[in-house]
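A.B. asks:
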Amino acid sequence: MRVSTSTLYDQGTRSMLQQQDSLFRLQQHLSTGKRIMTPSDDPIGAARAHELAQSLSLNTQYADNRYRAADSLQQVDSTLGSVSNLIQSVRTMAVAAGNPAFSDSERKMMAVELRGHFDELLGLANTRDEQGNYLFSGFQGNTRPFVAQDDDSVTYEGDHGQRLIQVSSSRQLPVSETGDAIFEPGGLSLFQTIEDFIDELETPGGAALSGAVSTALQDLDIALDNVLAKRAAVGSRLQEVDALQQIGEDTAIQYQQSLSRLQDLDFAQAISDMTRQQALLEAAQKTFTRVSGLSLFNLI
Numbered sequence: 225m226r227v228s229t230s231t232l233y234d235q236g237t238r239s240m241l242q243q244q245d246s247l248f249r250l251q252q253h254l255s256t257g258k259r260i261m262t263p264s265d266d267p268i269g270a271a272r273a274h275e276l277a278q279s280l281s282l283n284t285q286y287a288d289n290r291y292r293a294a295d296s297l298q299q300v301d302s303t304l305g306s307v308s309n310l311i312q313s314v315r316t317m318a319v320a321a322g323n324p325a326f327s328d329s330e331r332k333m334m335a336v337e338l339r340g341h342f343d344e345l346l347g348l349a350n351t352r353d354e355q356g357n358y359l360f361s362g363f364q365g366n367t368r369p370f371v372a373q374d375d376d377s378v379t380y381e382g383d384h385g386q387r388l389i390q391v392s393s394s395r396q397l398p399v400s401e402t403g404d405a406i407f408e409p410g411g412l413s414l415f416q417t418i419e420d421f422i423d424e425l426e427t428p429g430g431a432a433l434s435g436a437v438s439t440a441l442q443d444l445d446i447a448l449d450n451v452l453a454k455r456a457a458v459g460s461r462l463q464e465v466d467a468l469q470q471i472g473e474d475t476a477i478q479y480q481q482s483l484s485r486l487q488d489l490d491f492a493q494a495i496s497d498m499t500r501q502q503a504l505l506e507a508a509q510k511t512f513t514r515v516s517g518l519s520l521f522n523l524i
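If you count by the working numbering, then the sequence shown holds residues 225 to 524, one letter each, in order.
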């Protein structure tokens with residue numbers, strides 16, 4: 225078979241270009257440290273790496289959600305702690321107010337102090353989070369949950385919804401409590417309990433004070449037990465967030481290790497391949513030079 229000079233040149237050029245392309249790709253892999261640069265390098269591995277990257281990104285978003293959930297729950301827990309302390313202070317004052325030796329003026333002074341606790345409780349019930357949303361208004365974060373009326377009563381303006389945050393692929397965690405569930409358990413308003421007791425303390429003579437003290441203590445105990453139960457539920461959710469966060473961190477490490485096995489380059493092997501490729505390119509260049517110099521005129 226006759227091989228023309230142009231064919232020799234074309235084949236030689238094509239061979240050198242292929243060797244140069246292979247060498248260039250090896251250099252790219254070494255410079256990036258990645259085994260898979262394009263899907264064609266490893267179609268199955270590239271698809272798996274894409275899935276893992278998406279799972280890792282989603283896991284990171286869940287971690288951010290858990291941090292938000294923990295912040296919200298910690299604020300609710302702190303506020304409920306202040307509410308329980310306030311109820312206990314009011315209860316202590318109610319016990320002291322039962323002393324028949326107190327005069328009308330002394331009971332009025334206690335009523336003034338209780339009024340301060342009432343206003344403090346109203347402020348706690350209308351606590352806002354770091355985003356300016358009310359903690360205890362249900363889904364209506366921009367609605368002030370408790371509003372004092374002209375007759376000194378307090379009405380709940382929120383709804384009954386609990387805000388949820390997706391903290392894992394299978395768990396939506398409640399991160400709020402509704403105001404009526406905390407301050408009006410079973411329809412018994414904590415605000416009304418304190419207001420009624422203040423009215424009794426401000427009444428001269430205190431003829432019905434003994435019964436008012438008994439009623440107030442009973443209602444305050446119900447309110448305190450309810451707040452403590454809500455706080456325990458919030459604490460349980462905080463523990464769940466911590467557990468999920470640990471699981472999420474372990475999962476992230478597993479995803480990263482799997483991605484590393486799929487994508488990261490074996491440098492020792494890559495350097496060995498590059499050395500071999502350089503040798504092949506040099507051989508192709510020398511062969512081309514030798515063949516291109518052949519001519520019948522050299523033999524004449």
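We put the CB at the ideal spot given by N, CA and C, even for glycine.
#1: What alpha helix (DSSP H) runs, 4 residues minimum, are completely inside the stretch 324–393?
#2: Would DSSP call Pro267 helix, strand or coil?
#3: Identify, in the order they occur along the chain, each residue of the same chain with its Cβ nearer than 8 Å to the Cβ of Ser400, setting aside the five sequence neighbours on each side.
#4: Spatial neighbours of Leu310 within its chain, please: C-beta separation below 8 Å, excluding the five flanking residues on both sides.
#5: What separation, rounded to the nearest whole angstrom, lies between the Cα atoms of Arg461 and Val451?
#6: Roughly how many angstroms lie between the CA atoms of Ser434 and Ala293, to the nearest whole one?
#7: Would you say Leu448 and Arg331 are within 9 Å of each other, going by their C-beta atoms?
#8: Can you give me the C-alpha to C-alpha distance between Leu282 and Leu397, rounded to a whole angstrom?
#9: Between the Cα of Ser306 and those of Lys454, Gln470, Leu486 and Asn357, spot the shortest distance and give me the residue it belongs to.
#10: Is there at least one non-hydrogen atom of the ligand FAD closer than 8 Å to the beta-carbon of Glu354?
#11: List the residues that DSSP assigns as beta-bridge partners of Gln396.
#12: Using a Cβ-Cβ cut-off of 6 Å (strictly less than) and excluding sequence neighbours within five positions of Phe407, which residues of its own chain qualify?
#13: What is the DSSP secondary structure of Ser413, counted as helix, strand or coil?
#14: If we count the other Cβ atoms within 10 Å of its Cβ and call it buried at 16 or more, is Asp443 buried or exposed?
#15: Along the chain, where does the alpha helix (DSSP H) containing Ala405 start, and where does it finish?
#16: Give the DSSP-derived three-state secondary structure of Gly322 in the structure shown.
C.D. replies: This is what the structure gives:
#1: Taking only runs of at least 4 residues, the alpha helix (DSSP H) segments lying wholly in the stretch 324–393 are 328–349.
#2: Here residue 267 refers to the residue found at position 43 when the sequence shown is read from its first residue. In this structure, Pro267 counts as helix in the three-state DSSP scheme.
#3: Start at 1 with the first residue of the sequence shown, and residue 400 comes out as number 176. Within the same chain, Ser400 has close Cβ partners Ser296, Val300, Leu359, Phe360, Gly362, Gln386 and Arg387.
#4: For the purposes of this step, residue 310 is taken as residue 86 along the sequence shown, with counting starting at 1. For Leu310, where only same-chain residues beyond five positions count, the Cβ hits under 8 Å are His341, Glu344, Leu345 and Leu348.
#5: Counting from one through the sequence shown, the residue named residue 461 turns up at place 237. Counting from one through the sequence shown, the residue named residue 451 turns up at place 227. The alpha-carbon separation between Arg461 and Val451 amounts to approximately 15 Å.
#6: Within the sequence shown, the letter at position 210 stands for residue 434. Within the sequence shown, the letter at position 69 stands for residue 293. Rounded to the nearest angstrom, the two C-alpha atoms are 45 Å apart.
#7: Your numbering for residue 448 matches position 224 in the sequence shown. Your numbering for residue 331 matches position 107 in the sequence shown. In this structure, Arg331 does not lie closer than 9 Å to Leu448 by Cβ.
#8: Locating residue 282 in the sequence shown gives position 58, counting from the first residue. Locating residue 397 in the sequence shown gives position 173, counting from the first residue. One C-alpha to the other measures close to 17 Å.
#9: Locating residue 306 in the sequence shown gives position 82, where the first residue counts as 1. Of the candidates Lys454, Gln470, Leu486 and Asn357, the one whose C-alpha sits nearest the C-alpha of Ser306 is Lys454.
#10: Annotation note on the ligand FAD: not contained in the displayed structure, which lists no ligands.
#11: Here the question's residue 396 lines up with position 172 in the sequence shown. The bridge partners DSSP lists for Gln396 are Gln390.
#12: Within the sequence shown, the letter at position 183 stands for residue 407. Correct list, in chain order: Ala349 and Leu414.
#13: Here residue 413 refers to the residue found at position 189 of the sequence shown. Three-state result, Ser413: coil.
#14: Residue 443 sits at position 219 when you count from the first residue of the sequence shown. Counting Cβ neighbours within 10 Å, Asp443 comes out buried, since at least 16 surround it.
#15: Taking the first residue of the sequence shown as position 1, residue 405 is located at position 181. Per DSSP, the unbroken alpha helix (DSSP H) holding Ala405 starts and ends at Gly403 to Phe407.
#16: Reading the sequence shown from its first residue, position 98 is the one you call residue 322. Correct three-state label for Gly322: coil.
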